[in-house]
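2 protein chains.
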Amino acid sequence: MTENLPKVRAPSIRDVARLAGVSHQTVSRVLNNHPSIRETTKARVLQVMEDLQYRPNRAARALSRGRSRTIGILSAQSSEYGPASSIAAIQDAAREAGYYVNTANLTTVDQESIEAALMHLMLQAVEGIVVIAPQVRVFDVLEQLSITVPFVSLQSTGHLDDHALSVDQIAGARLATRHLIDLGHRRIYHLAGPQDWIEAEARMRGFLDEMGAMDVPTTAPILGDWTADFGYHAGRELFGRRDFTAIFSSNDQMALGLMHAARDAGLGIPRDISIVGFDDIPEAAHFWPPLTTVRQDFGELGRRCIALLLSNLPGGEPIVDRDPIMPRLIVRESTAPPAF
Amino acid sequence: MTENLPKVRAPSIRDVARLAGVSHQTVSRVLNNHPSIRETTKARVLQVMEDLQYRPNRAARALSRGRSRTIGILSAQSSEYGPASSIAAIQDAAREAGYYVNTANLTTVDQESIEAALMHLMLQAVEGIVVIAPQVRVFDVLEQLSITVPFVSLQSTGHLDDHALSVDQIAGARLATRHLIDLGHRRIYHLAGPQDWIEAEARMRGFLDEMGAMDVPTTAPILGDWTADFGYHAGRELFGRRDFTAIFSSNDQMALGLMHAARDAGLGIPRDISIVGFDDIPEAAHFWPPLTTVRQDFGELGRRCIALLLSNLPGGEPIVDRDPIMPRLIVRESTAPPAF
DNA sequence: TGTTCACATGTGCACGGTCACAAACGTGAA
DNA sequence: TTCACGTTTGTGACCGTGCACATGTGAACA
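Those protein sequences? They're chains A and B, same order as listed. Under this note's numbering, the first residue of the first sequence is numbered 104, with each subsequent residue one higher. Under this note's numbering, the first residue of the second sequence is numbered 104, with each subsequent residue one higher.
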């Protein structure tokens, strides 16, 4: 497989220096774009680097500078569309800024698992942490382990806003709710995400706020787990009652499960029940019926997230754009006025 | 936000050594589980580490050992379910083995983008690379840049089997095809993935093999791009012709798009057309109708992938389990005997 | 009592960069 | 000529860990 090479040492700045006839420090200056280097010298050094296929050694750099240039992501459910998209965007933005990214997944969200994941990140001397997970618990553990690196979460928490990105989940949820109310629905259920996920909480709050503002009476939201399976089982129970005409699901997957259950119950969508989702995953347009949902720009989210994090790092530029990202309502065919 | 701490240097092994009354080397031995250390000494050192909240410095370690303990993932479409699941599994398995993982995403799959991503990984001195992307091109670039670290791809290629994991995509595709043939279908289309994705090619080969083995005439597969949108547009065109009774789609998302197009065309599934997918994403059971598909164990795939990669790394154990992972046909409601 | 040997521990340097400081050089003004 | 000053370059130490090698210690054995 890999050939048994003579295992030559990779070239170092001293090798470059020798061949270019300068000191290793001059090579280092070229690497770091130091201003006072004669053009001819710089060119010569660069040429030798090219010839030698020189690559700076990141470990040595990190050791000597005391900075790893790495940020960590702490993520749960990282294979779902939303988190996965954000992670991809974060990685791209970080790479652009010259940072490396390391992801630690939570298999379960208990204390122990969170601690292990945070440890994994801290052992790599990450300079900052992005949290895409049930933040409440994670923040507790962060505090408990007295972890001092800056961290950022992808959602607005209210009391930790310095650390959070203002993606207006509440506004998105209000859009969805308002859409149902405008269509004439008055008995609307909300299928929420897990209680300790901050975006779940924000969407729930948006739902309740809008219902309150429009003077529509509400029932207690149902707490789900983001999966289509849960949506299906919740739906089976709900559609037995039929004391409502619309459901706002806090993500698209659960909405899909709900639609499945509705068909099982012989209910037409949107004829008998209207359903709104959240996220606008790429598949949502192809559900049956195509799902009315709220689109989030996960890419923009990831980019801003890195911008915010870097602004807290030494040498970081103060963040300019703190305007909330506004989600957009995408009206498709899963919503209609109530039948009566 | 972050308090302006007096910026104390983190404790090093020498600090630990001084307080424990031993040499720094003894501390290093404790860290690396060297066999000949007196129990009492070890305990004392560990206690001091605990007191000082000592954390080994990874950069120093990497520098001194000349090994980064990091592996890189080169991924395209990392927000889709399949890749995202594998990435998560790879990260978990790597962490378990004491490795760190760094992911580089490809935004586009052109030469330039691949080079940039590989550079990013090489600059971190990754010890191995996992490829989840159009492997053909990536392998070309790997060779071209004379990158010598071991690499592994998630799919079987035939001619690069040393580097690949034998997940039996071909067998999976044959299962799906055979299922349709057994139901009585004779005119079956295949909606394949992008030509340069090796799993797309393998699934296509499986389809053609099985059709050939059963003596069923075939038409040329349609090359898609994995998205539901593509499935929808392909479906709109296909269902105009109706010279077939079943379609085998090489992933679930495209199958979803096909089902959408079928409804638009007024065709019943499985009454008029049978559809089989591939992957068994968590949503597939809730499609309308629930999708017959081929289940892959992405988690197992990720774990084996790391095992294979580590076996090629210095000090790695030879890989034991090279049996192919067998996918499983999950029969749901999108398939039935042809109408006539 | 001396020799051998395994175990336990210490010493000094290497890894590949960066940093602080010093030195060499050219240039213009006193 | 001498001095001050900015630009360009060099010198040596240092970051935290692991490695090779040396040393000390005690038990077993002749």
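For each residue, glycine too, the CB sits at the ideal point set by N, CA and C.
Proximity test, Cβ basis, 8 Å: residue i and chain A
i	result
B/Thr105	In this prediction, B/Thr105 has a pLDDT of 36, which is less than 50 and means its spatial position is unreliable; what the coordinates show is noted afterwards. It does; some Cβ of chain A falls within 8 Å.
B/Gln150	no
B/His262	With a pLDDT of only 49 at B/His262, under 50, the local geometry of the prediction cannot be trusted, and the value read off the model is given with reservation. So, not an interface residue.
B/Thr206	yes
B/Ala162	yes
B/Arg158	yes
B/Asp382	no
B/Met225	yes
B/His389	yes
Element boundaries [beta strand (DSSP E), containing residue i]
i	result
B/Ala179	Thr173 to Ala179
B/Leu294	Ile291 to Ala295
A/Ala349	Ala349 to Ser352
B/Val233	Gly231 to Ile235
A/Ser256	Phe254 to Ser256
B/Ser377	Ser377 to Val379
As assigned by DSSP and simplified to three states, the class of residue i
i	result
A/Tyr335	helix
A/Ala207	strand
B/Thr321	coil
B/Ile433	strand
B/Phe342	helix
A/Leu286	helix
A/Phe310	helix
B/Thr395	strand
A/Ile273	helix
B/Ser189	helix
B/Ile301	helix
B/Leu326	strand
A/Asp426	coil
A/Asp382	strand
A/Thr144	helix
A/Tyr184	helix
Selection from the options that minimises the alpha carbon distance to residue i
i	options	result
B/Gly124	B/His137, B/Ile140, B/Ile291 and B/Arg147	B/Arg147
A/Arg401	A/Arg172, A/Asp382 and A/Arg158	The sequence as given places Phe at residue 401 of chain A; Arg does not occur at that position. That would be A/Asp382, whose Cα lies nearest to the Cα of A/Phe401.
B/Arg345	B/Asp375, B/Met362 and B/Thr321	B/Asp375
B/Tyr335	A/His389, A/Val397 and A/Phe254	A/His389
B/Glu524	B/Glu436, B/Arg281, B/Glu142 and B/Ala191	Summary: the structure shown does not reach residue 524 of chain B, with chain B confined to residues 104 through 443, and so no result is reported for it.
A/Gly327	A/Ala316, A/Glu304, A/Gly343 and A/Pro440	A/Glu304
A/Val229	A/Gln238, A/Arg112 and A/Asn205	A/Asn205
A/Trp300	A/Thr330, A/Ala197, A/Pro237 and A/Ile190	A/Pro237
A/Ile284	A/Ile350, A/Leu341, A/Asp332 and A/Gly338	A/Ile350
B/Pro393	B/Pro421, B/Ile409 and B/His363	B/His363
A/Thr395	A/Leu294, A/Asp332 and A/Ser437	A/Ser437
B/Ala337	B/Leu404, B/Gly369 and B/Tyr292	B/Tyr292
B/Ala387	B/Gln227, B/Leu432 and B/Leu278	B/Leu432
B/Gly369	B/Arg339, B/Pro385, B/Ser353 and B/Leu224	B/Arg339
N- and C-terminal bounds of the alpha helix (DSSP H) containing residue i
i	result
B/Ala113	Per DSSP, B/Ala113 belongs to no alpha helix (DSSP H) and is neither H nor E.
A/Ser414	Phe401 to Ser414
A/Ser216	Gln214 to Leu226
B/Gly360	Asp355 to Asp367
Euclidean distance between Cα positions of residue i and residue j
i	j	result
A/Val434	A/Pro320	24 Å
B/Tyr202	B/Arg172	5 Å
A/Val241	B/Ser256	34 Å
B/Asp271	A/His288	50 Å
B/Gln156	B/Ile140	22 Å
B/Leu248	B/Phe310	35 Å
B/Ala220	A/Ala196	13 Å
B/Thr330	B/Val212	16 Å
B/Arg164	A/Glu199	27 Å
B/Met429	B/Arg306	13 Å
A/Thr251	A/Glu215	19 Å
B/Gly405	A/Ala439	44 Å
B/Gly296	A/Ser189	25 Å
A/Val234	A/Ser178	6 Å
A/Leu245	A/Met222	10 Å
Proximity test, Cβ basis, 8 Å: residue i and chain B
i	result
A/Trp329	no
A/Trp300	no
A/Leu108	Because A/Leu108 carries a pLDDT of 35, less than 50, the predicted location of this residue cannot be relied on, and the following value inherits that uncertainty. Closer than 8 Å to some Cβ of chain B, the Cβ of A/Leu108 qualifies, so yes.
A/Gln272	no
A/Ser171	yes
Closer than 7 Å: residue i CB and nearest the ligand GTP heavy atom
i	result
A/Glu386	Among the components of this structure there are no ligands whatsoever, and the ligand GTP is therefore not found.
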